[in-house]
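What follows is a single structure, written as structure tokens, with notes after it.
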Amino acid sequence: MKRVVFLLVSAMILTACSSVKVTTDYDTKVDFNQYKTFAFYKPGIDKAKISSLDKKRILRAIETELLAQGFTKSENPDMLVSIFTKSREKVNVNQTNFGYGYGWGWNPWSVGMNNNINVSQYTEGTLFIDFIDKQKKELVWQGIGTGALRTQSVEKKEIRIKEFVKEIISRFPPGKNK
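Residue numbers (mature numbering (1 follows the signal peptide of the UniProt record, and there is no 0)): -22 to -1, 1 to 156.
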């Protein structure tokens, strides 16, 4: 029984760590149906403090998602796409108490209390994807994805980046899921 509980808790923790939390912000006065074409905004992308390899992975993933939504990449776009990244170190401390005795809660007659403390450290990454109206030169939509980044193989890193981008871009344009 303890093994089943441990496996379920472990699965929930791993699932929680692999998810991407997404928030969006946008200009409510903008008609997003006017945007049909896009291009990348190089000056903004150059400021992102990540490796050029990760920039390429992110831009490829954004392009794939936008093309899948019916947008077209263009030399004369309606909107520009830029990115920004942040990261910070996080620490998780989990305490589990397993024991046996009589009834629930504190019991002065319980025997063999087992107190386990698990500490894990990871990097939490945040990816900002900005859509800028090219004509007005104004930010019209921003998607922000936050989630755990683990030291991974190249293949797993690419999968994680695609997951981040897909979750963020799936919220664009605003109101499409209504």
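In this text, a Cβ means the ideal position worked out from N, Cα and C, and glycines have one as well.
Pairwise C-alpha distance: residue j and residue i
i      : j      : result
Gln130 : Ala26  : 21 Å
Ile146 : Thr1   : 8 Å
Ile23  : Thr50  : 19 Å
Ile61  : Lys115 : 15 Å
Phe16  : Asn70  : 40 Å
Phe18  : Val97  : 40 Å
Val132 : Glu67  : 21 Å
Under the three-state DSSP convention, the category residue i falls into
i        : result
Asn54    : coil
Phe109   : strand
Thr15    : strand
Val132   : helix
Arg66    : strand
Ser30    : helix
Asp9     : coil
Lys(-2)  : strand
Met(-11) : At Met(-11), the pLDDT of 42 sits below 50, so the modelled position is not reliable and the matter cannot be decided from this model.
Gly153   : coil
Gly22    : helix
Neighbourhood of residue i by C-beta distance below 8 Å, restricted to the same chain and skipping five residues each side
i     : result
Ser65 : Thr101, Glu102, Gly103, Thr104, Leu127
Ser52 : Thr15, Phe16, Ala17
Residues near residue i in its chain [Cβ-Cβ closer than 6 Å; skip 5 each side]
i      : result
Gln3   : For the sequence presented, residue 3 should be read as Asp rather than Gln. Once the five neighbours on either side are set aside, the close Cβ partners of Asp3 are Gln120.
Val118 : Asp5, Val8, Phe109, Asp111
Whole-Å CB distance - residue i paired with residue j, under 8 Å assumed
i      : j     : result
Lys112 : Leu58 : 5 Å
Thr124 : Val8  : The pair is not a contact, with the Cβ atoms about 24 Å apart (cut-off 8 Å).
Contact set for residue i: own chain, Cβ-Cβ below 7 Å, skip 5 residues either direction
i           : result
Arg149      : Val(-1), Thr2, Gly121
residue 160 : Nothing about residue 160 can be reported from this structure: the residues present for the chain run from -22 to 156 only.
8 Å Cβ cutoff, residue i in contact with chain C
i      : result
Ile137 : Note that chain C does not occur in the displayed structure, where there is just one protein chain.
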